[in-house]
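For the sequence shown, position 269 (counting from the first letter as 1) is numbered 269 according to full-length UniProt numbering, and the numbering increases by one without interruption. Even for Gly, the Cβ is constructed at its ideal location relative to N, Cα and C. Since the model is a prediction, treat every value here as computed from it, not as a measurement.
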Amino acid sequence: MLKTCLLGLGRTGAVVAEQLLRSEDFDLVSVIGKPGSSKAGRPLSEVLNYPGDLVIADAANLQSEIHQQHFRVAIDFTTPEATLKNARILAENGVHMVIGTTGFNNMQLHELRNLVQQYRVGLVYAPNISVGINLLLSIVKTVTRLIPQYDVEITESCHRDKIDAPSGTALKIANEISLIRQATVNGRISFGRKGNKPRGDEEIGIHSIRAGGIVGVHQVLFAGEADELEITHRSYSRAIFAEGALKAAAFIAGLKGFYHMEDVLLSERMERDIRVAANRLYLNFN
């Protein structure tokens, strides 16, 4: 079993914790709350209504948790500032990471990359951690290549308590489209829409909705003069984020370097293809 630490026990973190506790492949040995969390010091069983004697540790005790619990992988769903602080301590101690935190700026991402390079650890950066979202990304990239002349508008919706807007996933979608179109991102992305001027030819619009308890919706609209195509992903449960987090943790446990969720899914697909090919060879020679 893979000894694992979970950092952050919010809406998504709680579901990830439940999945880790149920899994036969993972051993959840440490749970650490966000800085200032009122959950620190409480038994995890009180928060999740799940049997066990694990106590939620304070964020300030990460170093001692590493030394006491000897976990190999840490999954972080906190805040950009907390994640960067955690990542430095984890990297210094050779712990591999899955980062599901959203809202990083370019400078913070650069710092994460530097930590990976400096301490030679493995890290999966996956603000868009669900399998379905990554399938949407794959489809969007294909459509962008096929109809490059269409206008693109991205709409993302999430619960009212989500702090960052637009979502990291919406920005990722916009960046992928910009790369394919060989357009510079700066000045090409329009956040919301107001004023008295027409739409730019290479402009990508991003619109954010924060309301109620929406888990997550991402819609990408490709609009031409005579028709339109809309690709939508709706998250009905945070279990899909937990599923992705566990896949990423299993993937990164034995690797070094900076990876994305696409790498995790590609590796999984390659393993399936190899098994199928090996099975065919066996059948052909027996």
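Exercise for the section: Select from A248, G41, T78, Q108 the residue whose C-alpha is nearest the C-alpha of L266. Expected result: Taking the first residue of the sequence shown as 1, we reach residue 266 at position 266. Here the closest residue by C-alpha is A248.
Exercise for the section: Output the residue ranges of the beta strand (DSSP E) runs that lie fully inside the UniProt domain "Dihydrodipicolinate reductase N-terminal" (6-128) and measure 3 residues or longer, sorted by chain position. Expected result: Within the UniProt domain "Dihydrodipicolinate reductase N-terminal" (6-128), the complete beta strand (DSSP E) segments at least 3 residues long are 26-32, 73-76, 96-99, 122-125, listed from N- to C-terminus.
Problem - Bridge partner(s) assigned by DSSP for L2 - result: By one-based count along the sequence shown, residue 2 stands at place 2. L2 is bridged to F26.
Exercise for the section: Please say whether K34 and residue 319 have beta carbons closer to each other than 8 Å? Expected result: Residue 319 is absent from the model: the chain starts at 1 and stops at 286.
Practice task
Would you list the residues sitting across from Q219 in a DSSP beta bridge?
Solution key: Walking along the sequence shown from the start, residue 219 turns up at place 219. Looking at the DSSP assignment, Q219 forms a beta bridge with T155, T232.
Practice task
Excluding the 5 residues preceding and the 5 following K245 in the sequence, name in chain order all residues of the same chain whose CB lies nearer than 7 Å to its CB.
Solution key: As a first step, residue 245 must be located in the sequence shown, where it is residue number 245. Here the sequence assigns Ala to residue 245, which means Lys is not the residue at that position. Result list for A245: V16, I75, V98, G100, I129, in chain order.
Exercise for the section: For P51, count neighbouring C-beta atoms within 10 Å of its own C-beta (all shown protein chains included) and say buried if the count is 16 or more, exposed if not. Expected result: Numbered from 1 along the sequence shown, position 51 holds the residue referred to as residue 51. By the neighbour-count definition (other C-beta atoms within 10 Å, threshold 16), P51 is an exposed residue.
Problem - For G205, three-class secondary structure by DSSP - result: Along the sequence shown, read from residue 1 onward, the residue named residue 205 stands at position 205. Looking at G205 - three-state DSSP - the assignment turns out to be strand.
Practice task
Using 7 Å as the cut-off, classify the Cβ of R188 as near or not near the heavy atoms of the ligand SAM, replying yes or no.
Solution key: Judged by which ligands are present, the structure shown has none, so any question about the ligand SAM falls away.
Handout entry: Same chain only: Cβ atoms within 6 Å of V29, ignoring 5 sequence neighbours per side
Key = The residue you call residue 29 lines up with position 29 of the sequence shown. Cβ within range, chain order: K3, Q69, F71.
Exercise for the section: Check I180 in the structure and name its three-state DSSP category. Expected result: Taking the first residue of the sequence shown as position 1, residue 180 is located at position 180. I180: helix per DSSP, three-state reduction.
Exercise for the section: Could you give the DSSP three-state label for R210: helix, strand or coil? Expected result: Here the question's residue 210 lines up with position 210 in the sequence shown. Collapsing the DSSP output to three states places R210 in a strand.
Handout entry: Buried versus exposed call for F191 [16 or more other C-beta atoms within 10 Å across all chains shown]
Key = Counted from its first residue, the sequence shown places residue 191 at position 191. By the neighbour-count rule (16 or more Cβ atoms within 10 Å), F191 is not buried but exposed.
Handout entry: Euclidean distance between Cα positions of E243 and E228
Key = Numbered from its first residue, the sequence shown carries residue 243 at position 243. Numbered from its first residue, the sequence shown carries residue 228 at position 228. Answer to the nearest angstrom: the Cα atoms are 32 Å apart.
Problem - Beta carbon proximity, R160 to chain D, threshold 8 Å - result: Absent here is chain D; the protein component of the structure consists of one chain.
Exercise for the section: Name the two residues that bound the continuous alpha helix (DSSP H) containing G132. Expected result: The residue you call residue 132 lines up with position 132 of the sequence shown. From DSSP, the alpha helix (DSSP H) with G132 extends over 131-146.
Practice task
Decide if R120 is buried, meaning its Cβ has at least 16 other Cβ atoms within 10 Å, or exposed.
Solution key: The sequence position of residue 120 within the sequence shown is 120, counting from 1. Residue burial is scored here from C-beta neighbours: R120 has fewer than 16 other C-beta atoms within 10 angstroms and is therefore classed as exposed.
Handout entry: R160 in three-state terms, based on DSSP
Key = For the purposes of this step, residue 160 is taken as residue 160 along the sequence shown, with counting starting at 1. R160: coil per DSSP, three-state reduction.
Handout entry: C-alpha distance - M1 paired with A250, whole-angstrom precision
Key = Taking the first residue of the sequence shown as 1, we reach residue 1 at position 1. Taking the first residue of the sequence shown as 1, we reach residue 250 at position 250. Computed Cα separation, rounded: 10 Å.
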